[in-house]
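Number of protein chains: 2
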Amino acid sequence: MALLASGKTRPVRLADIAKAAGVSHGTASNVFARPEIVREEVRERVKAAAEAMGYGGPDPKGRLLRAGKVNAIGVATAEPLSYFFDDPFARVMMASISQACDATGAGISLVSAANNEQLAWNIQSALVDGFIVFCVDGGSKLVELARERKLPFVALDLDSDDDEAVAAIGVDNIAGAGLAARHLTELGHRRFAVLALPVADSGFGPTTQEQVEKALYSGTRDRLRGYFAELSRFDIDVSRVPIYETVNDEESVWAGLDHIFAGAETPTAILAMSDRIALHALDWLRQRDIAVPGDVSIVGFDGVPEGAVSKPPLTTIVQPIAEMGRLAVKAILENDGSFSRQSLPVDLLVRASSGPSPA
Amino acid sequence: MALLASGKTRPVRLADIAKAAGVSHGTASNVFARPEIVREEVRERVKAAAEAMGYGGPDPKGRLLRAGKVNAIGVATAEPLSYFFDDPFARVMMASISQACDATGAGISLVSAANNEQLAWNIQSALVDGFIVFCVDGGSKLVELARERKLPFVALDLDSDDDEAVAAIGVDNIAGAGLAARHLTELGHRRFAVLALPVADSGFGPTTQEQVEKALYSGTRDRLRGYFAELSRFDIDVSRVPIYETVNDEESVWAGLDHIFAGAETPTAILAMSDRIALHALDWLRQRDIAVPGDVSIVGFDGVPEGAVSKPPLTTIVQPIAEMGRLAVKAILENDGSFSRQSLPVDLLVRASSGPSPA
DNA sequence: CACTTTCGTTGGATCGGTTCAAATTTTGAC
DNA sequence: GTCAAAATTTGAACCGATCCAACGAAAGTG
């Protein structure tokens, strides 16, 4: 019974068993850390004492202080913890981070919090050797917090506003978005709509280019710039392209489509700033029997695996997610100060959600 | 530049800034931990000193030792770390564990390792207040390791062999499997095949009831017992039902189906011990134009979300995964010793992968 | 038997904080 | 101006280990 949950009392320390076994604490420590250097007779005696007193081995809390290294990397986000398991992009990223960590024997600590106050505290008190910061949302706040810890850290996102001094790995959002826009214009599309990622913490709803230019989140801003720069080159009046800010979930995406398709002049092409948005959009369109790509084409952004099996499979801008994760872990573990910012290439992957304009 | 990666030298401790600010370390500590009790003038002076010396706040390593609680729970598995993000069952479980942790402000540490030696060390040195142990594979070894830490822990699995003393949360595998088997027999099926979860660490291939009875993993054994008990009640000769041991991945499942369908008397009903197995099986059957449920019916086990959107949607035994996660976290955090073992109910969820026997 | 190695053990210093009883200073009341 | 009460600050003790210089005993050498 006592085994179940060894109650509230576990005051048994290394020193206790040392005393019980009649040896110094130094020797007792050696029994666990370097058994080979202590005489067998003594070793057995100490182990027996440990066993008898229900000692669970040297407490890592103590060791840690002296050793210095935790041997774990923290992955932080401003979203709730379940984001790591719910979001397709995060999942792929985490899978590759995991692999890199496994390869080096490092552990992973998930750092997040329900509210901002908690978040700050959790970052300040995370037992890690460094941070990888997911910047999807509330990025700069997080980066600031992480930097205050004065530990090595890498932001997963290339915020063009950020100090050059913050290490970051990301993709060229402007170029990627440009690729998506060009693909659709080349297919003859002229009437566009944009389903945007969050612009600020303010919820969702229709927004404007001006709003987005002031966006808190540079990823959102850069992708829009990329879209519009390319559309402009094809003489499309971007001031008339509706932009709807979503929060990357079903509800806001559907609301966005309701709004966009309520107008007189409905788009034939949708630029979605994430695959998740695009996939939710696909569901909405299917429910209304709007053919994709017959009536409407749509291009996502990210390149998550779900896009390969959607109906229809999603044309998208693929980020080298796995590579990003690998580099991030490497940057933390081999923190030699040489690392700063790295921009990885993106690719247009044409699948079946985009086709010639119906007009 | 020095900001990027503050080099190898960070010998600035609380004591250093205390000296610099001309206060005792006790006061310096208070500035960070309970700012309100120190006079404003002093507080500012200490903060200024900290800023000037590049102090990143009290190191949690130090605090930890005194505080005792880490405020994080460890989730352990014998699989590689990426299992948490790749496996559908694990993902749902982790999502619910995350939610429970978020609600209480606890963090999550993922504990795993590439090899067994590493695993033992990682468990011994994990900085956590307790463990949730995924017992899918190598369960008993893990449970043993976790128990040696003498920390509260819960096994996610009701191994009937385990000591009554190990706290565990699981489902009644026998009853669940029975539900699956009865559903199919009631639809008129008489020719069955079983795609099993791992029986031992030995890889995959055809196996027998006798082998499974000796299985290392009780989940596998109990599910088979459940299937066969029910089939026997319908006068089906279970000794002729082929059993193929998979490792829960595409390759082994496909090999299993190759093997099973190579025989003269092909089954009309497949009992899959996990949804993941069932979903891979669905792919195999589709590729061979074997109609589901026209030619072959299949029932999975777990109730993962992917089963709802497969082609066709999967009939399965649903486990209350979210509830299990919640209870596990609760058991760790409110470790009052009252908890021991808990068996949760499973349900048959009939979707479109099962139908009347073709005969 | 004295003298150097080798082996195993000891105990103090240290890691970086938090805590709390006691000491000190400030404030308020008369 | 005096004294008690309130507000701050101090410094020692402690959290649980690891590390290492020094030491004692046993073994080896001449």
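Protein sequences appear in the order of chains H and Z.
For the first sequence, this note's numbering begins at 2 and goes up steadily by one.
For the second sequence, this note's numbering begins at 2 and goes up steadily by one.
A virtual CB, placed ideally from N, CA and C, is assigned to each residue, including glycine.
For the region 113-132 of chain Z, enumerate the residues whose C-beta is nearer than 8 Å to any C-beta of chain H, in chain order.
113, 114, 115, 119, 123, 125, 126, 127 and 128
For a contact defined as C-beta to C-beta under 7 Å, what are the partners of residue 193/H on chain Z?
The premise fails here: residue 193/H is roughly 29 Å from chain Z at the closest Cβ pair, so nothing lies under 7 Å.
Taking DSSP's pairing of strands, which residues face residue 291/Z in a bridge?
For residue 291/Z, which the question treats as bridged, DSSP gives no partner whatsoever.
Around the Cβ of residue 100/Z, are there at least 16 other Cβ atoms within 10 angstroms (buried) or fewer (exposed)?
buried
Taking 8 Å as the CB-CB cut-off, is residue 103/Z touching chain H?
Yes, residue 103/Z counts as interfacial toward chain H.
Beta-bridge partners of residue 111/Z, as assigned by DSSP
By DSSP's assignment, residue 111/Z forms a beta bridge with 109/H and 76/Z.
Just the Cα atoms here: how many angstroms apart are residue 136/Z and residue 159/Z?
If you take the alpha carbons of residue 136/Z and residue 159/Z, they lie about 9 Å apart.
Might you give, ordered along the chain, the residues of its own chain that have their beta carbon closer than 6 Å to the beta carbon of residue 356/Z, omitting 5 neighbours on each side?
294 and 298
For a test of the three-state rule: what should DSSP assign to residue 133/H, helix, strand or coil?
strand
Spatial distance of residue 196/Z from residue 346/Z (CA atoms)
Cα to Cα, residue 196/Z sits roughly 23 Å from residue 346/Z.
Environment of residue 307/Z [buried if 16+ CB atoms lie within 10 Å]
buried
Can you have a look at residue 80/Z and say buried or exposed, based on whether 16 or more other CB atoms are within 10 angstroms of its CB?
buried
Are the C-beta of residue 207/Z and some C-beta of chain H separated by less than 8 Å?
For residue 207/Z, not one C-beta of chain H is nearer than 8 Å to its own C-beta.
Would the beta-carbon of residue 246/Z fall within 8 Å of that of residue 206/Z?
yes
Check whether residue 317/Z and residue 303/Z have beta carbons under 8 Å apart
yes
Classify residue 204/H: buried if its beta carbon has 16 or more other beta carbons within 10 angstroms, exposed otherwise.
Exposed is the call here.
Do residue 358/H and residue 189/H have their C-beta atoms within less than 8 Å of each other?
yes
Excluding the five sequence neighbours on either side, which residues of its own chain have a C-beta within less than 7 Å of the C-beta of residue 328/H, listed in chain order?
170 and 343
Hey, would you say residue 110/Z sits closer than 8 Å to residue 73/Z, going by beta carbons?
yes
Quick check on DSSP: helix, strand or coil for residue 241/Z?
helix
Can you find a C-beta in chain H that's less than 8 Å from the C-beta of residue 87/Z?
For residue 87/Z, at least one C-beta of chain H is nearer than 8 Å to its own C-beta.
Taking 8 Å as the threshold (C-beta atoms), are residue 59/H and residue 15/H in contact?
yes
Closest to residue 240/Z by C-alpha separation, out of 263/Z, 276/Z, 221/Z and 213/Z, would be which residue?
213/Z
Contact with chain H by residue 100/Z, beta-carbon distance below 8 Å
yes
Within chain H, partners of residue 57/Z - CB distance below 8 Å
149, 150, 151 and 152
Rounded separation between residue 132/H and residue 147/H - CA only:
7 Å
Across which residues does DSSP place residue 344/Z in a beta bridge pair?
When DSSP reads this structure, residue 344/Z sits in a beta bridge with 171/Z.
To the nearest angstrom, how far is it from the Cα of residue 350/Z to the Cα of residue 113/Z?
Residue 350/Z and residue 113/Z: Cα-Cα distance of roughly 33 Å.
Any beta-carbon of chain H closer than 8 Å to the one on residue 344/Z?
No - not a single Cβ of chain H is within 8 Å of the one on residue 344/Z.
By the criterion of Cβ-Cβ separation under 7 Å, what are the contact partners of residue 18/H in chain Z?
Going along chain Z, no residue has its Cβ under 7 Å from residue 18/H, so there is no contact; the nearest lies around 13 Å.
Three-way DSSP call (helix, strand, coil) for residue 1/Z in this model
Absent from the structure is residue 1/Z, since the part of chain Z shown begins at 2 and ends at 360.
Min CB distance residue 331/H to chain Z below 8 Å:
no
Residues of chain Z with CB under 9 Å from residue 313/H, in chain order?
Under the 9 Å cutoff, chain Z gives no residues; its nearest Cβ is about 14 Å from residue 313/H.
Using beta carbons (cut-off 8 Å, strictly below), is residue 15/H in contact with chain Z?
no
Report yes if the CB atom of residue 262/Z is closer than 8 Å to the CB atom of residue 232/Z, and no otherwise.
no
Assuming residue 282/Z and residue 271/Z make a contact with CB atoms under 8 Å, what is their CB distance in whole Å?
6 Å
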